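Colleague:
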Amino acid sequence: MKSINVNNYEETLWFSLIHHDCFCEFRVPRHVVLYIQSGRFEVRKGSETVTAYPGQYIFVRRDCGASIAKLSDGDTPYQSIAITLERPFLKDHYNRHQSSIQALDRFHEKPIEEFALILEPTLELRSLFQSLVPYQQEQLNPTPEVLTRKLDEAVWALIGADRRLAPTLFDFRETWKIDLLEFMELNYTHDLSMKEFASYSGRSLSTFKRDFAKISASTPQRWLQAKRLDRAKELVSTGQSRPSDVYLAVGFRNRSHFATAFKQRFGCTPSSLSPAS
């Protein structure tokens, strides 16, 4: 009988055994690193797909908005061990290891742009996940103290596998904060709330608004709506999108709200700008 067996400890440590293909959307506010034991793990965003095979380690960036597939291989089930790293833990880790993390500034690395990354199978990664296999096999949970040590170990194993993961994990540091204007220019068409935009950029909502005020005289909401409407006008007038569909392409959820905002800004409807009209 096909089944899903997931042992989840504190929303942090996950042992998965899935006997059939499983699909889901990934917009979780935690970074995750997985060791694939059998089957395949696919992360898809747009036209790009990253696939991890048995014996590989994969890092998936938090809030990446990707589609995930956990795929069995014939009679062989999908099996993996996953560790998630949430923001409060990373801030605590930074406070406890501040000098060591600040020493990484000398490498001048930037956060990864990839939504998912296959990692080099370093000794540290192999050692970390092999130490968790007995818990998986015995279906036991580690003590809170052991779990904290494993999370600390995971952080350093990730940085050892790819130094760009230091500014990715600790993007709340002033030195490693994502360029906010560049980030918004790249992502303004995504259907996200302000809180989600803030989280994606490595900021709390209040810090996001404060930093945005440094780069624009407009509020984030007004800037976002103006950018989306300008893009909608461009897409319709050049025939790249149908007037009836363009609101979705630029990140609006509600067609009626989009139509009202569009007419207020441009004094006409999207249909009147279409080359086909």
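For the sequence shown, our numbering assigns the number 369 to the last residue and increments by one with no breaks. The beta-carbon is built from N, C-alpha and C at its ideal position, and this holds for glycine as well. Here the structure is a predicted model, which means the values were calculated and not measured.
1. From the DSSP output, in three-state form, read off Asp184 for me.
2. Is the beta carbon of Arg345 closer than 8 Å to that of Asp244?
3. Could you say which of Ile175, Phe289, Leu220 and Ala174 lies nearest to Leu273 if we only look at CA atoms?
4. Output the residue ranges of the beta strand (DSSP E) runs that lie fully inside the stretch 174-238 and measure 3 residues or longer, sorted by chain position.
5. Less than 8 Å between the CB atoms is what I'm expecting for Ile175 and Thr104, so what's the real figure, rounded?
6. Counting pairs of Cβ atoms below 8 Å between the stretch 318-330 and the stretch 267-281, do you hit three or more?
7. Along the beta strand (DSSP E) that carries Trp106, what are the first and last residues, could you check?
8. Note the first and the last residue of the continuous beta strand (DSSP E) segment covering Gly158.
9. Going by beta carbon distance, what residues of the same chain come within less than 7 Å of Pro259, once the five residues before and after it are set aside?
10. Once DSSP output is grouped into helix, strand and coil, what is the label at Arg265?
11. Using a Cβ distance threshold of 8 Å, determine whether the stretch 289-300 contacts the stretch 210-219, with at least three qualifying pairs required.
12. Roughly how far, in whole angstroms, is the beta-carbon of Ile128 from the beta-carbon of Ile160, given that I think they are within contact range, below 8 Å?
13. Please name the residue in Leu163, Asp263 and Ser223 whose C-alpha comes closest to that of Arg154.
14. Please report how far the alpha carbon of Asp303 lies from the alpha carbon of Ser310, in whole angstroms.
15. Based on the DSSP secondary-structure assignment, which residues constitute the bridge partners of Asn100?
16. Mind checking who Phe115 pairs with in its DSSP beta bridge?
17. In angstroms, rounded to a whole number, what distance separates the CA positions of Ser333 and Lys183?
18. Here's a check: name, in chain order, each residue in its chain whose Cβ is nearer than 7 Å to the Cβ of Lys355, leaving out the five neighbours to either side.
19. At which residues does the beta strand (DSSP E) containing Phe275 begin and terminate?
Modeller: In short, the structure shows the following:
1. helix
2. no
3. Phe289
4. 208-211
5. 7 Å
6. yes
7. Leu105 to Ile110
8. Contrary to the premise, residue 158 reads as Ala rather than Gly in this sequence. From DSSP, the beta strand (DSSP E) with Ala158 extends over Ala158 to Leu163.
9. Glu201, Lys202, Pro203 and Trp268
10. coil
11. no
12. With 8 Å as the limit, Ile128 and Ile160 do not qualify as a contact, their Cβ atoms being about 12 Å apart.
13. Asp263
14. 12 Å
15. Trp106
16. Ala161
17. 43 Å
18. Thr361
19. Looking at the DSSP string, Phe275 is not in any beta strand (DSSP E); the run it does join, the alpha helix (DSSP H), is Leu272 to Asn279.
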